[in-house]
Amino acid sequence: MTMNVGPGGWVPDSCTLPTAAQPMRVAEFDQFFIDAVRHIERSGRTRLDLLIDSGAEPLGRDLAARETSCCSFFTFTFEPSDSGMVMMHIDVPATHVEILDALQIRAESASR
Numbered sequence: 001m002t003m004n005v006g007p008g009g010w011v012p013d014s015c016t017l018p019t020a021a022q023p024m025r026v027a028e029f030d031q032f033f034i035d036a037v038r039h040i041e042r043s044g045r046t047r048l049d050l051l052i053d054s055g056a057e058p059l060g061r062d063l064a065a066r067e068t069s070c071c072s073f074f075t076f077t078f079e080p081s082d083s084g085m086v087m088m089h090i091d092v093p094a095t096h097v098e099i100l101d102a103l104q105i106r107a108e109s110a111s112r
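Be aware that the sequence shown starts at 1, since it is given in my numbering, and climbs by one per residue.
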């Protein structure tokens, strides 16, 4: 499987989002990572957990819904955390781990 969208890109070739719209989606995720993510943890090989501000949950759900409409292998779930924030879980099948790896790198870079 190959990916595009520059260094650390995580958009797989199988994505059905039009190529011209992919950089905008990546930018939306980058901004979400900057504004909302407070902690990143890889809780499993195929799962990435993002602790986000509770006020950012609607945006996170919107991005998740739009992302699964073009990359159906992603599964996003949300649950309240003990800290009053929200845990956003991102799961992929084992065949797409490299995409989750790249997404994690991007999230870590943006949230620094």
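Virtual Cβ for every residue (Gly too), placed ideally from N, Cα, C.
- In the structure shown, the three-state DSSP call for methionine 85 is coil.
- Closest in C-alpha terms to leucine 50, from the list Arg66, Phe32, Ala65, comes Phe32.
- In the structure shown, threonine 46 adopts coil according to DSSP, grouped into three states.
- Membership of proline 23 in any beta strand (DSSP E) is not indicated; the residue belongs instead to the alpha helix (DSSP H) covering 22-36.
- The beta carbons of isoleucine 40 and glutamate 108 sit closer together than 7 Å.
- With 16 or more other Cβ atoms inside 10 Å of its own Cβ, glycine 60 counts as buried.
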